[in-house]
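Participant: Provided herewith is a single structure, encoded as structure tokens, for subsequent inquiry.
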Amino acid sequence: MKIDIITALPELLTSYLNNSILKIGSEKGLLKIGIHDLRNWTNDKHRTVDDSPYGGGPGMIMKIEPFVKAIRDLKKNDSIVIMPTPSGETYNQKTARQLSYEEHLIIICGHYKGIDGRIENFVDKLISIGDFILTGGELPAAIITDSVCRLIPGVISDIESANSDSFENDLLDCDYFTRPPVFENYAVPEVLISGNHKAINEWRKNDSVEKTKNRRPDLIEIFNKLK
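In our numbering, the protein residues as written are 1 to 227.
Here it is as structure tokens:
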């Protein structure tokens, strides 16, 4: 998979996306992540990417021309152009899974009060990572990239670990434990150290359901409808 991210602040993304699991995926040849400076597509000596809004009001608006030039330079026949925005569809694991099957993603990062509204004519998918506002689209771009890339077989050492995560089956994942067996009077559930794998699997399934009932009743309703 190839992911290209267009941003006016590439240094915000370089460190995170060039380390850990994503770095390993790139070294294996499974991922190619490009971080592109939006200012490279400006045409004035000040490399301007923003301007004041028509109609007045507070804040600055990111100009449409540099983004469209960048998209056109990077886009291929199989590309999906994504814009993180509060008006997009709420991002979830199902969307991450769908995007992991694509060959090429282009993610554009807004800033200030956003990008000139005409940009939506050049974008394939609008995504919101939640009902809150950030200073820019770089964090959403990193979140989308991380959540998608970890689902590509070979990027993490055990793909079954990703396949059994929370939300993959419309439930929260169960709790997991490791040594020591007792910590400050809190003991690991006895069944997990019993060696009885059938009983362990049953405990994990039940714990997943109970946790979802208690913490995310909205998810348990979806789960019950799908059963």
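Ideal placement from N, C-alpha and C gives every residue a C-beta, glycine not left out. Fair warning: this is a prediction, and the values are worked out from it, not measured in the lab.
Can you tell me the Cα-Cα spacing of residue 174 and residue 223, whole angstroms?
Facilitator: If you take the alpha carbons of residue 174 and residue 223, they lie about 15 Å apart.
Participant: Excluding sequence positions up to five away, which residues of its chain have a Cβ less than 7 Å from the Cβ of residue 21?
Facilitator: Closer than 7 Å at Cβ, skipping near neighbours: 150, 155 and 156.
Participant: Helix or strand or just coil, what does DSSP make of residue 186?
Facilitator: In the structure shown, residue 186 sits in a strand (DSSP, three-state: E or B).
Participant: Whole-angstrom Cβ separation of residue 152 and residue 25, contact assumed at under 8 Å?
Facilitator: Indeed they touch by this definition, with Cβ atoms about 7 Å apart.
Participant: Since residue 221 is in the beta strand (DSSP E), which residue starts that stretch and which ends it?
Facilitator: Element bounds for residue 221: not the beta strand (DSSP E) but the alpha helix (DSSP H), 217-226.
Participant: In this structure, does DSSP put residue 84 in helix, strand or coil?
Facilitator: Residue 84 falls in the strand class under three-state DSSP.
Participant: Would you say residue 6 and residue 70 are within 7 Å of each other, going by their C-beta atoms?
Facilitator: Cβ distance < 7 Å, so residue 6 and residue 70 count as in contact.
Participant: Starting from residue 90, follow its DSSP beta bridges and name the residues at the other end.
Facilitator: Residue 90 is bridged to 128.
Participant: Cβ of residue 116 within 7 Å of Cβ of residue 64?
Facilitator: Closer than 7 Å, so yes.
Participant: Is it the case that the region 75-93 contacts the region 103-122, given that we only count it when at least three CB pairs across the two stretches are under 8 Å?
Facilitator: Result yes; three or more Cβ-Cβ pairs closer than 8 Å.
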